[in-house]
Structure formats: structure tokens, C-alpha cells
Amino acid sequence: MAKKVGTYYFARLRSNWGIWIVISNDNGIMMGDFVKSVSNYEDAVRETYSLNGWKQPERIIKKY
């Protein structure tokens, strides 16, 4: 699924997890603006869902 401008996403950030917001998606080049760092995967998922206004997942399964 392609990330849309204005949505939040998370990814690894050194030994933690970072949350970014997509600010540009032109010609297949995505740029993000760093929002915050969180300590574990579950917190990253919850915070990202909350920032995007999505319903919180019932179960969080770490896929990677």
C-alpha cells in the first residue's frame, strides 16, 4: 500500500521506532517529516493509528 501525503507511518530508528508524516510523494519519491521516537513496536503501532484517526487494532502482531 502506497503512503499518502498527510498520513503517519512508523519504521525502525536505530534501536527504537520512529514516527513520520508523509509530506511529499512526487514521481515515486516519498519524503517524510520526523514526528517522534517511541521505545517499542506496540507503542509505535498504537501512536500511528491514533495520529491517523484509525480504530485501534485488537491485537498487535510484530511482523518484523
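Heads up, the sequence shown is in our numbering, so the first residue is 620 and it goes up one at a time. C-beta atoms are modelled at their ideal positions from N, C-alpha and C, and glycine is treated no differently. Given the structure is predicted, the values throughout are model-derived calculations rather than measurements.
Can you check whether the CB of G637 is closer than 8 Å to the CB of S656? yes
Could you check what DSSP says for S634 in three-state terms: helix, strand or coil? coil
Please work out which residues of its chain come closer than 6 Å, Cβ to Cβ, to G651, disregarding the five sequence neighbours upstream and downstream, and give them in chain order. W639, V641
Beta strand (DSSP E) segment containing V657, residue limits: 648-657
Cutoff 8 Å; reference Y660; Cβ partners in own chain excluding five residues on either side: W636, I679, K681
Taking S643 as the reference, give the member of R633, K622, D662 with the closest Cα. K622
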